[in-house]
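A.B. asks: I have a structure here, written as structure tokens, and I will follow up with some questions on it.
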Amino acid sequence: RPEDIEVVPEPDQPNDVAVEVDVVEPFGKENNLYLFPEAGDRNEAIVATVEGRTRVGADDRVGMRVPEEHIHLFDRQDGTALRNAVVEEADLSPVVERSTDT
């Protein structure tokens with residue numbers, strides 16, 4: 690998800706990817722950044738959502754990382770989930786109690 694991608698000034702961790710900012714799409718509170726890996730083709734941009742006050746502009750070279758707990762992997766052939774992101778269990782007891790009180 691775009692909000693799970695972290696944009697950092699320099700790719701300084703082993704799994705960071707060096708990217709170039711193509712477009713900054715401002716929305717006020719947030720900005721969407723359209724990123725292209727420096728090593729690779731430019732057919733599909735990676736979209737990252739950052740805080741609106743983040744200082745980054747088109748043509749900037751930055752680092753991108755996705756924390757492991759937010760990574761989803763799927764089998765290319767059949768779409769089977771190979772690894773899902775960690776999802777916190779919500780306490781649904783108030784919802785369940787309310788729905789059974791009829």
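Residue numbers (our numbering): 690 to 791. Beta carbons: idealized from backbone N, C-alpha and C, even for Gly.
From Pro698 to Ala770, what does the alpha carbon distance come to, in whole angstroms?
C.D. replies: Approximately 32 Å between the Cα atoms of the pair.
A.B. asks: Write down the C-beta distance between Val713 and Leu724 rounded to the nearest angstrom, noting that I regard them as a contact closer than 8 Å.
C.D. replies: The Cβ separation is near 10 Å, so there is no contact.
A.B. asks: Look at the Cβ atom of Val706, then the Cβ atom of Val745, and state whether they are nearer than 9 Å.
C.D. replies: Not in contact: Val706 and Val745 (Cβ atoms no closer than 9 Å).
A.B. asks: From Ala737 to Pro691, what distance separates their C-alpha atoms?
C.D. replies: Their backbone Cα atoms lie some 4 Å apart in a straight line.
A.B. asks: Might you give, ordered along the chain, the residues of its own chain that have their beta carbon closer than 6 Å to the beta carbon of Arg731, omitting 5 neighbours on each side?
C.D. replies: So the list reads Phe725, once near-sequence residues are dropped.
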